[in-house]
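Asker: Line order of the protein sequences matches chains A and B. Residue numbers for the first sequence follow my numbering, beginning at 1 and rising by one. Residue numbers for the second sequence follow my numbering, beginning at 91 and rising by one. Mind looking over this structure? Questions follow.
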Amino acid sequence: MSKTIITVVGKDAVGIIAKVCTYLADNQVNVEDISQTIVQGYFNMMMIVDTSGSTKPYAGMVTELDNLGDTIGVKIRCQREDIFTKMHRI
Amino acid sequence: MVTILEVNETNKMIEQEKLDVRTITLGISLLDCCDSDLDALNRNIYDKITRVAENLVSTGREIELEYGIPIVNKRISVTPIALVGGRACRSPEDFVEVAKTLDRAARDTGVNFLGGYSAIVSKGMTPADEALIRSIPAALSSTERVCSSVNIGSTKTGINMDAVKLMGEIVRETAEATKENNSLGCAKLVVLCNAPDDNPFMAGAFHGVSEADAVINVGVSGPGVIKHALEGVRGENFEVLCETVKRTAFKVTRAGQLVAQEASERLGIPFGIVDLSLAPTPSVGDSVAEILEEMGLESVGAPGTTAALALLNDQVKKGGIMASSFVGGLSGAFIPVSEDQGMIDAVNRGALTLEKLEAMTCVCSVGLDMIAIPGDTPASTISGIIADEAAIGMINNKTTAVRLIPVIGKDVGDTVEFGGLLGHAPVQQVNRFGCADFINRGGRIPAPIHSFKN
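Structure below.
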């Protein structure tokens with residue numbers, strides 16, 4: 001099964017990573033890699049995660065992470081990795 | 091492993107530059123629905139479409155959500171109905187009943203358009219072809235989602251001028267039949283030359299007889315992405331310009347290829363082709379005209395426009411071909427007027443005429459598309475415009491099409507609102523000199539010679 005990319009973009013604040021990771025842990029999603037930058041005061045994080053151990057339907061996770069982003073005040077996207085690898089790798 | 095920069099680039103394309111997959115179109119053969127009884131035919135058609143396309147819309151939504159890329163339209167194309175209905179339909183009225191069945195099937199499967207209310211009459215018309223064509227005004231005015239197309243010529247057969255004459259009249263009658271609604275019926279009717287069997291884009295989509303029982307075709311988009319990429323190479327030479335278009339087209343097409351393969355796998359229906367056409371929408375920043383202007387034109391329509399469009403179209407193909415395992419359909423830049431804000435602006439500022447649009451269609455697909463013309467334009471003049479476009483297609487071995495909207499009660503200077511993806515259009519001037527004697531000759535224009543090209 002392909003990996004999933006979670007991106008978090010928004011105004012920097014305390015506890016963003018903690019809240020996202022708590023959600024992922026609660027849903028048995030394994031985080032394999034995290035990279036993070038601050039661009040012009042904006043928090044910008046990308047996580048590579050493995051959802052194969054999770055029982056949650058994929059669409060449900062996409063929606064819940066989107067909602068979690070709304071409560072923290074950031075934009076959280078959860079997308080299958082293929083869209084990026086196909087586009088940027090031959 | 092993908093990098094954060096690559097991820098951000100893709101998401102920026104989607105969020106800010108309006109990258110999307112324009113359509114997943116499910117082609118369905120209706121040849122096995124034929125029956126001599128009209129009720130049985132209608133039943134067979136409804137059952138087959140709703141069975142094969144049952145999960146099309148939900149699967150499209152699923153893919154959209156999981157990959158985070160919008161899939162704007164989910165659509166269906168079917169076998170040309172003149173072939174399917176030939177045995178059961180004895181009059182144009184019978185064909186209208188089939189159109190209503192198609193409309194019901196489209197509504198119940200949740201697709202926004204269904205194409206294939208069509209006849210292929212490049213060389214001659216059967217009685218069924220003619221009955222279907224004569225039913226088009228009633229069919230399009232009594233349905234909501236059905237799209238109709240008629241292929242009146244090809245490079246191999248020449249141009250069927252009897253059909254060209256008839257289609258000029260049918261376009262006018264369709265305009266009259268839908269005049270309460272800005273003659274909107276004509277937006278769902280296209281006249282083609284060299285129509286492809288696997289086109290996923292409306293209104294010209296149909297499922298050709300060379301196709302399998304069911305097939306998934308995907309149309310990509312992304313004018314906004316190309317325009318943005320070109321903003322980064324302002325003033326650079328043509329080599330850099332072309333490379334930039336090509337690289338960007340590759341990325342855009344890869345997204346389409348991925349969606350096509352996923353849809354095919356999840357629906358258990360073979361993948362047909364990716365159509366590489368750059369398709370604009372009326373929203374700002376999603377315009378083919380803006381790409382041409384970004385290349386250095388003061389306005390689309392200015393001298394240089396045809397060269398710029400030729401370059402764009404060719405580079406999009408060169409980039410896209412490598413990104414997809416099968417390319418087909420129309421595969422070229424679309425230049426519809428009402429669906430592209432940049433084109434609308436160019437017409438309004440007096441930079442873009444019908445004649446310049448015709449010249450542009452020589453180097454791109456698909457033809458004179460979504461152009462509002464005065465409501466009193468004679469049928470023979472519309473036929474003349476169709477014949478001109480068909481000639482360009484026939485001689486140059488390419489698809490061309492005409493989708494004109496003679497808006498009843500409107501004249502040059504008026505603007506017409508079609509709504510949604512169909513946009514709005516200023517009514518454009520048509521050459522006032524007649525061609526009735528030419529159109530009334532009847533018969534066929536022979537197929538062209540394929541050597542001594544000049």
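Ideal placement from N, C-alpha and C gives every residue a C-beta, glycine not left out.
To test your reading of the DSSP string, which unbroken alpha helix (DSSP H) runs of 4 or more residues are found completely within the region 301–340 of chain B?
Answerer: DSSP runs (the alpha helix (DSSP H)) wholly in the region 301–340 of chain B: 313–321.
Asker: Report the partner residues of residue 205/B according to the DSSP bridge assignment.
Answerer: Its beta-bridge partners are 167/B and 237/B.
Asker: Does DSSP put residue 3/A in a helix, in a strand, or in coil?
Answerer: Reduced to three states, the DSSP call for residue 3/A is coil.
Asker: Return no unless some Cβ of chain A is closer than 7 Å to the Cβ of residue 149/B.
Answerer: Cβ-Cβ to chain A under 7 Å: no for residue 149/B.
Asker: For residue 89/A and residue 213/B, what's the separation of their Cα atoms in angstroms?
Answerer: The straight-line gap from Cα to Cα measures roughly 46 Å.
Asker: Taking three-plus beta-carbon pairs below 8 Å as touching, is the region 207–226 of chain B in contact with the region 127–138 of chain B?
Answerer: Segments in contact, no.
Asker: One question on the structure: do residue 513/B and residue 372/B come within less than 7 Å of each other, judged by their Cβ atoms?
Answerer: A contact, by the Cβ cut-off of 7 Å.
Asker: May I have the straight-line CA-CA distance separating residue 151/B from residue 119/B, to the nearest angstrom?
Answerer: Going by the C-alpha atoms only, they are around 24 Å apart.
Asker: If you draw a straight line from the C-alpha of residue 299/B to the C-alpha of residue 210/B, how long is it?
Answerer: About 11 Å.
Asker: Quick one, which of 66/A, 24/A, 47/A and 63/A has its alpha-carbon nearest residue 37/A's?
Answerer: Among 66/A, 24/A, 47/A and 63/A, the Cα nearest to that of residue 37/A is on 47/A.
Asker: For the beta strand (DSSP E) that contains residue 514/B, what are its first and last residues?
Answerer: Looking at the DSSP string, the run of the beta strand (DSSP E) that includes residue 514/B is 514–516.
Asker: Answer with buried or exposed for residue 493/B, where buried requires no fewer than 16 other C-beta atoms within 10 angstroms of its C-beta.
Answerer: Buried, because 16 or more other Cβ atoms sit within 10 Å of the Cβ of residue 493/B.
Asker: In or out: residue 540/B buried (at least 16 other Cβ within 10 Å) or exposed?
Answerer: Exposed.
Asker: Helix, strand or coil: how does DSSP classify residue 272/B here?
Answerer: Note: residue 272/B maps to coil in three-state DSSP.
Asker: Show which residues of chain A have a CB atom less than 9 Å away from the CB atom of residue 157/B.
Answerer: 79, 80, 82 and 83, listed in chain order.
Asker: Mapping the DSSP letters down to three states, classify residue 442/B as helix, strand or coil.
Answerer: Residue 442/B falls in the coil class under three-state DSSP.
Asker: Is there contact here, the region 265–285 of chain B with the region 406–414 of chain B, by at least three beta-carbon pairs under 8 Å?
Answerer: No, because fewer than three Cβ pairs between the region 265–285 of chain B and the region 406–414 of chain B fall closer than 8 Å, the two stretches do not touch.
Asker: With a threshold of 7 Å on Cβ separation, who are the neighbours of residue 344/B within its own chain once the five nearest residues in sequence on each side are excluded?
Answerer: 413.
Asker: As a quick exercise: from 73/A, 78/A, 52/A and 74/A, pick the residue whose alpha carbon is nearest that of residue 154/B.
Answerer: Measuring from the Cα of residue 154/B, the nearest candidate turns out to be 78/A.
Asker: Give a yes or no on whether 7 Å exceeds the smallest Cβ distance from residue 86/A to chain B.
Answerer: It does: the Cβ of residue 86/A has a partner Cβ on chain B nearer than 7 Å.
Asker: From 256/B, 318/B and 502/B, pick the residue whose C-alpha is nearest to that of residue 384/B; which is it?
Answerer: Cα-wise, what sits closest to residue 384/B is 318/B.
Asker: Would you report the Cα separation of residue 374/B and residue 431/B, rounded to the nearest angstrom?
Answerer: Roughly 6 Å separates the two Cα atoms.
Asker: I need the DSSP call for residue 43/A, collapsed to helix, strand or coil.
Answerer: Reduced to three states, the DSSP call for residue 43/A is strand.
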